[in-house]
Structures are given as C-alpha cells and as structure tokens.
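From first to last, the protein sequence lines are chains A and B. Counting in numbering that gives the first Met the number 0, the first sequence runs from 0 upward without gaps. Counting in numbering that gives the first Met the number 0, the second sequence runs from 0 upward without gaps.
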Amino acid sequence: MNRATPRLRALAALPFVLALAVHLLLFARWRDELPAELATHFSVGGEADGWTGPTAYVLISTALLLGLAAGWTAFVRRRYLWAAFATAGFAGGLLVQLLRANRVDEFEVVVFSPGMDLGVALAVAVVAAGAGWALTSLVPEEPPVPGQEGEDGPAADGPRLPLASGETARWSKDTGSRALTVLSVLALAAAPVTLLVATWPDALLGLLGLVIGVPGLALARVRVTVDRHGLTVRSALAPRPRVRVPLDGVEGASVREIDAVGDFGGWGYRVRAHRTGVVLRSGEALVVRRDGGREFAVTVPDARTAAALLNTLVERHGKV
Amino acid sequence: MLFRVDPASSVPLGDQIAACVRGALADGSAEPGERLPAARELADSLGVNVHTVLRGYQRLREEGLIELRRGRGAVIVPGVAAPDRARLVSRLREAAAEARELGLTEAEFLELARTSLS
C-alpha cells in the first residue's frame, strides 16, 4: 500500500481533528442562540431554503470531517500534505461560517452570503495550506521508488529467458479485479432497472449505469500477452480496447511492486506525467521502459517471466 | 502461461505445444479451469500453422487434460486432480520415449504397462 510514514499520517489527520474540535466547541458555546432547525442549504442569492435538526446537523458535519480525515490519512503523500490542511481549513471554515449565519434573532431571515462566507472559508483554507506547507519539513523525504535506478542502456539489466536461435515463444496471462467486475455488473444491472422504475426525465440517470458499466467491465479482466509483436494488453472479453507496445518501442522490461493509489492515483487505465498503466490492483507489475523515457505498467502475476521474455525478444529483434 | 516452440527440435511442434500446457499445469503457472489462448491467436504469436496448434490441443484433449468446447475454446479441465494428471501423463510419455529408444515394440511396451498394473 501507500508508503506514507505514521508521522505523515498523523500530520494529515491533525487539521481535521482541529477543525472538528473548533466546530463542536463553537456549536456547544452558541447552542442557546441557534434556532430549533438550522439553515443548512442556501439559494444562490443566499436565502436559506433547506433546514436540518441540530442532532442531525452535528452527526452529518462530524461524519463529513471524519470521512475527509480518513481519506486523507489513508492516501496522503508528503508533497500533498498542504492540500490536506487546505481541505480541513475550507471544510472547517465553511461549517463555522454556517453556524455563525444561524446565530441570529428568531424572526430574522438566515442569510448566508456566498461571496463573503465562501471567501472567509477560502482564506482559512489558504492559511491552513501555509501551515501544512511549513509542517511538511517535519516529514523526511520519501525514498525513491525501488527499481527506478539504472535506467540507462537498452534492456541492459533485467531478467532474461534463454531461447534457442530459431525458437519462438509467447507468454500470456489473464488478470482482473473482482471488485471492478462486481461494480461494473451492478452498474449495468442498474441501467434497465432505473429505466423501468423511475419516471422519464430521472430515468435518463440510468444511462450512467451503461457509461460506467461498459468500460468498467471491459477493463475488469484483461489479457496480457508478450510475443513477437511486443506487449499487448487487451480486454479478456473482446479484442478491443487494446494497448500495444511494439518490440521496436521497448527499451527494457522489469518487475516492480506498484501501489495503485500512491503511484497511479487509482485503478483502471491511468495516465501520469511520465507513465501510463493498466492498474487493476496493488502489487506485482510488469513495467516497460519505452523509447523516449516513458513507462508503461500493467499489474499482472508472474510478471518476471513476462519481463524476461520481453527483454529477450527485444534483444533478438535488435540483432536481426 | 509460457508457450515456446523450437522448429529445430526433433519433437513435433504440436507435441511441443502440448508439453508447454502440461508443464505449466504441473508447475502451477496454469490453473485448472483456465482458458487456453485461441488457436488462431497462439499460431500467430508463435509463427506456426493453426492446424499445428489444434493438433497439440487435440492431443491434450485425448489425455483428458483439456476440454474443447464449441464457442468457448480450449479450457483446462477443472478440479484439483488436473496438475497431478498432467505430471502422470508427462511421465508416461517419458517412459514411452525411453521404451522406443530401447527398441521395444508397441505390444511389448503395453504388456509391460499391464504387468506393472497388476
């Protein structure tokens, strides 16, 4: 999983704990001045048009802050610590401004000024981001990703699979994500159900199920193949969509442990600054260095055999 | 699963393909119930004729290691016994090759096999 240290995680949780404490303290302090129903939703003009009881309000706001805290604590990276502080600052600032707006005489209309109050929340976020930025120096730099050293030389290092001169070989493996399969099938199943049950304009939402389910299912199970054409990754159910790196474009292949969230920011077909990837889980991955320095990664078991065969085929291809 | 064929070898290409599947099943890199690549696809990858691949698959089917189903392609037989069966078939083939080297006739080899059973 994520390589964040306990200290980094604690620092990421800190602003949310502070925001939660301040918000609950102010709520307790202003309890008597707050109306029986708190205005919690506002029209564009700032007029209140939605109300929530105090118990529900406290539960929902606390859950919101805790949820954000859990997300940031789980997925934080050192260089994004400031963003955790900014998130906490903005959420906390907004909640406090909401309480403040509710602190009025009984017959006055509750007004939440979008410009003013959002501005205050943003200002709090900026200050918090600054504090987070300053605190980043308390966390030691993350060690470089293992396996990224020694990137020079075409396929110089890396495993090999000895082949006789005329021998041909092919390696392939199906790999998938059960979670993605289940989610995609559910999304697909939701489409016809929504169309049947919901009234017409709302039923259009059911099409979302198709938009999510079809590509999801296509990617939920993929076949990774290494042969004389190069590296091919395609849906196990259909010949397309497909990603192919021809032997000409391969500089070398290696095996690396990949953290889906930390290295690629999630699952699926991922595009990053210097690398793309078909990432279905965290763990063993075949990483191909392409000419031009870009990397293509695919998470697959038995990646060592794949890398060895690919290196051997690239070397032989270069000789011919 | 890794497939490799060497045209320079004296072993027929179809048998080499069958041996790859047996080996993969025995060492765990292929699992019972796993689907083999489509014959056309595998033939293209290895640069051999489709019929060569189909001959290999047919041999595996006779050995009870895979099932050939219309529309579904070739699937390794499900069940925990499949890897052991693959190992047994491999050893039998080795024994047959050895018998051939020793100059035994088919009848003599079968007689020998029957004697070891009783």
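No residue lacks a Cβ here, since even glycine has one placed at the ideal position from N, Cα and C.
Asked: What beta strand (DSSP E) runs, 3 residues minimum, are completely inside the region 4-59 of chain A?; Found: 37-41, 47-51
Asked: Whose C-beta lies closer than 7 Å to the C-beta of residue 96/A among residues of the same chain, with five residues either side of it excluded?; Found: 116, 119, 120
Asked: Residue 174/A to residue 218/A, Cα distance in whole Å?; Found: 10 Å
Asked: Strictly by DSSP, which residues pair up with residue 268/A?; Found: 277/A
Asked: What residues in the region 41-66 of chain B have a beta carbon less than 7 Å from any beta carbon of chain A?; Found: 41, 44, 45, 46
Asked: Answer with yes or no whether the minimum CB distance from residue 154/A to chain B is below 9 Å.; Found: Low per-residue confidence applies at residue 154/A: pLDDT is 44, beneath 50, and the placement is therefore not dependable enough to give any value.
Asked: Taking all protein chains shown into account, do 16 or more other C-beta atoms lie within 10 angstroms of the C-beta of residue 52/A, making it buried, or fewer, making it exposed?; Found: exposed
Asked: Output needed in chain order: residues of the region 16-36 of chain B with a Cβ under 8 Å from some Cβ in chain A.; Found: 28, 33, 34, 36
Asked: Please report the Cβ distance between residue 312/A and residue 223/A, rounded to the nearest whole angstrom; I am assuming they are in contact, meaning their Cβ atoms lie under 8 Å.; Found: That pair is no contact at about 14 Å.
Asked: Any contact of the region 44-60 of chain B with the region 244-262 of chain A, i.e. 3+ C-beta pairs under 8 Å?; Found: no
Asked: Any idea what DSSP makes of residue 73/B, helix, strand or coil?; Found: strand
Asked: Check each residue of the region 275-304 of chain A: if its Cβ is closer than 8 Å to any Cβ of chain B, include it; give the result in chain order.; Found: 301, 304
Asked: Determine the chain B residues that contact residue 50/A at a beta-carbon separation under 8 Å, and present them in chain order.; Found: The premise fails here: residue 50/A is roughly 57 Å from chain B at the closest Cβ pair, so nothing lies under 8 Å.
Asked: May I ask you to report which of helix, strand or coil DSSP gives residue 153/A?; Found: Residue placement at residue 153/A is flagged as unreliable, the pLDDT there being 43, under the threshold of 50; the coordinate-derived value follows with that caveat. Correct three-state label for residue 153/A: coil.
Asked: Note down, in chain order, every chain B residue with its Cβ under 8 Å from the Cβ of residue 229/A.; Found: In chain order: nothing, as chain B lies at least about 11 Å away.
Asked: Are there 16 or more other CB atoms within 10 angstroms of the CB of residue 75/B, so buried, or fewer, so exposed?; Found: buried
Asked: Span of the alpha helix (DSSP H) holding residue 43/B?; Found: 38-45
Asked: Is there at least one Cβ from chain A nearer than 9 Å to residue 85/B's Cβ?; Found: no
Asked: Mind checking the region 162-173 of chain A against chain B and listing, in chain order, the residues whose C-beta falls within less than 9 Å of any C-beta there?; Found: 162, 163, 164, 165, 166, 167, 168, 169, 170, 171, 172, 173
Asked: Looking only at its chain, what residues have a beta carbon closer than 8 Å to the beta carbon of residue 33/B, apart from the 5 residues adjacent to it on each side?; Found: 0, 74, 75
Asked: What is the DSSP secondary structure of residue 224/A, reduced to helix, strand or coil?; Found: strand
Asked: List the endpoints of the continuous beta strand (DSSP E) containing residue 9/B.; Found: Where residue 9/B is concerned, there is no enclosing beta strand (DSSP E), given that its DSSP letter is neither H nor E.
Asked: At a cut-off of 8 Å, would you count residue 27/A as near the ligand SAH, judging by its Cβ distance to the nearest heavy atom?; Found: The ligand content of the structure shown is nil, which means the ligand SAH is not present either.
Asked: Determine the direct distance from the alpha carbon of residue 208/A to that of residue 187/A, and round the result to whole angstroms.; Found: 5 Å
Asked: To be precise: take each residue of the region 68-98 of chain B, compare its Cβ to all Cβ atoms of chain A, and keep it if any distance is under 9 Å. Which residues remain?; Found: none
Asked: Please report how far the alpha carbon of residue 180/A lies from the alpha carbon of residue 105/B, in whole angstroms.; Found: 52 Å
Asked: Under the three-state reduction of DSSP, which class applies to residue 75/A: helix, strand or coil?; Found: coil
Asked: List the residues of chain B that residue 247/A touches, going by C-beta distances under 8 Å, in chain order.; Found: Under the 8 Å cutoff, chain B gives no residues; its nearest Cβ is about 17 Å from residue 247/A.
Asked: Does residue 282/A come out as helix, strand or coil in the three-state DSSP assignment?; Found: strand
Asked: If the cut is a Cβ gap below 7 Å, which residues of chain B does residue 226/A touch?; Found: 44
Asked: Starting from residue 5/B, find everything on chain A with Cβ-Cβ shorter than 7 Å and list it in chain order.; Found: 163, 165, 166
Asked: Exposed or buried, residue 122/A, counting other C-beta atoms within 10 Å across all chains shown (16 or more means buried)?; Found: exposed
Asked: Using a C-beta cutoff of 9 Å, does residue 308/A count as contacting chain B?; Found: yes
Asked: Is residue 50/A closer than 9 Å to residue 61/A when the C-beta atoms are compared?; Found: no
Asked: By the three-class DSSP mapping on this structure, what secondary structure does residue 183/A have?; Found: helix
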